[in-house]
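To start, the structure under review is shown below, and the notes come after it.
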């Protein structure tokens, strides 16, 4: 079974631009969550999608948005990039409806904002 | 409130046992997890425990949960150089669906 894939793996953008990151979950998984990892703030939850609906959201500004498609693939978008958005963005997929399920992470997309 | 704390560094000799500790604040957390992250990689789920359990063993890994003190530990027996990585403790808050709240991570260094 293929694991969680994220594209692109690396991205360099400049302040003010926008970016879209993609995550393909494990086949059959319907839940996709996104996390931001930085040296200063650690791993922080962005949002979770299940069956195309956002059902949980972290404390991030509205510049961070996401969506999920009918095939469970998910994208997250960051508009008006700031230097502080430089981070490793990780997505995780899970089969289950409720918490307590195994969540499998992708390798991440490393975003650098110049 | 939601908070998970871990010590930042641990250094052990190859072959010894490693014990990584974690405390959490939300007593109603339902599941507690241990993840491993190697340089340049994503997170690998090592094991998890339901909050009504005291202990879980999986090969070289033993998880102990003290719910009264909100303390979670991960013991790695016969630690190898390949175990060098950052270990994250995480909890799932009630009604959080699949949301994970992570600690800052413990960097484990294994030396000969």
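Residue numbers (my numbering), protein chains in the order written: chain U, 3 to 116; chain L, 826 to 937.
For every residue, glycine included, the Cβ atom is placed at its ideal position computed from N, Cα and C.
Computed from a predicted model, the values in this text were never measured in an experiment.
Selection from the options that minimises the alpha carbon distance to residue i
{"i": "residue 935 of chain L", "options": "L:829, L:832 and L:840", "result": "L:840"}
{"i": "residue 859 of chain L", "options": "L:906, L:886, L:833 and L:835", "result": "L:886"}
{"i": "residue 96 of chain U", "options": "U:35, U:23, U:19 and U:8", "result": "U:35"}
{"i": "residue 81 of chain U", "options": "U:65, U:88 and U:73", "result": "U:65"}
{"i": "residue 114 of chain U", "options": "U:73, U:18, U:4 and U:7", "result": "U:18"}
{"i": "residue 874 of chain L", "options": "L:921, L:916, L:831 and L:922", "result": "L:916"}
{"i": "residue 928 of chain L", "options": "U:116, U:13 and U:39", "result": "U:39"}
{"i": "residue 863 of chain L", "options": "L:906, L:888, L:920 and L:921", "result": "L:906"}
{"i": "residue 71 of chain U", "options": "U:13, U:9 and U:24", "result": "U:24"}
{"i": "residue 67 of chain U", "options": "U:20, U:31 and U:88", "result": "U:20"}
Residue i versus residue j - alpha carbon distance
{"i": "residue 866 of chain L", "j": "residue 877 of chain L", "result": "32 Å"}
{"i": "residue 83 of chain U", "j": "residue 44 of chain U", "result": "19 Å"}
{"i": "residue 900 of chain L", "j": "residue 93 of chain U", "result": "27 Å"}
{"i": "residue 836 of chain L", "j": "residue 913 of chain L", "result": "16 Å"}
{"i": "residue 37 of chain U", "j": "residue 902 of chain L", "result": "30 Å"}
{"i": "residue 63 of chain U", "j": "residue 890 of chain L", "result": "35 Å"}
{"i": "residue 47 of chain U", "j": "residue 61 of chain U", "result": "8 Å"}
{"i": "residue 856 of chain L", "j": "residue 880 of chain L", "result": "13 Å"}
{"i": "residue 926 of chain L", "j": "residue 911 of chain L", "result": "16 Å"}
{"i": "residue 7 of chain U", "j": "residue 110 of chain U", "result": "8 Å"}
{"i": "residue 883 of chain L", "j": "residue 872 of chain L", "result": "8 Å"}
{"i": "residue 845 of chain L", "j": "residue 829 of chain L", "result": "13 Å"}
{"i": "residue 29 of chain U", "j": "residue 5 of chain U", "result": "8 Å"}
{"i": "residue 931 of chain L", "j": "residue 41 of chain U", "result": "13 Å"}
{"i": "residue 22 of chain U", "j": "residue 16 of chain U", "result": "14 Å"}
{"i": "residue 11 of chain U", "j": "residue 893 of chain L", "result": "42 Å"}
{"i": "residue 55 of chain U", "j": "residue 937 of chain L", "result": "50 Å"}
{"i": "residue 52 of chain U", "j": "residue 838 of chain L", "result": "44 Å"}
Per-residue burial, residue i [other beta carbons within 10 Å of its own, 16 or more giving buried]
{"i": "residue 50 of chain U", "result": "buried"}
{"i": "residue 78 of chain U", "result": "buried"}
{"i": "residue 833 of chain L", "result": "exposed"}
{"i": "residue 831 of chain L", "result": "buried"}
{"i": "residue 868 of chain L", "result": "buried"}
{"i": "residue 904 of chain L", "result": "buried"}
{"i": "residue 918 of chain L", "result": "buried"}
Assumed close pair residue i, residue j - CB separation to whole angstroms, cut-off 8 Å
{"i": "residue 852 of chain L", "j": "residue 895 of chain L", "result": "6 Å"}
{"i": "residue 870 of chain L", "j": "residue 105 of chain U", "result": "7 Å"}
{"i": "residue 847 of chain L", "j": "residue 898 of chain L", "result": "7 Å"}
{"i": "residue 924 of chain L", "j": "residue 58 of chain U", "result": "5 Å"}
{"i": "residue 75 of chain U", "j": "residue 26 of chain U", "result": "5 Å"}
{"i": "residue 112 of chain U", "j": "residue 85 of chain U", "result": "That belief does not hold up - the Cβ atoms of residue 112 of chain U and residue 85 of chain U are roughly 15 Å apart, past 8 Å."}
{"i": "residue 33 of chain U", "j": "residue 98 of chain U", "result": "7 Å"}
For residue i, the residue or residues it bridges with in DSSP
{"i": "residue 856 of chain L", "result": "L:875 and L:917"}
{"i": "residue 104 of chain U", "result": "In DSSP, residue 104 of chain U forms no bridge with anything."}
{"i": "residue 849 of chain L", "result": "L:829"}
{"i": "residue 96 of chain U", "result": "U:33"}
{"i": "residue 19 of chain U", "result": "BP columns for residue 19 of chain U are empty, so no partner."}
{"i": "residue 50 of chain U", "result": "U:35 and U:58"}
Contact test: residue i Cβ vs the ligand NAD heavy atom, cutoff 7 Å
{"i": "residue 87 of chain U", "result": "In the structure on display, the ligand NAD does not appear, and there are no ligands present to speak of."}
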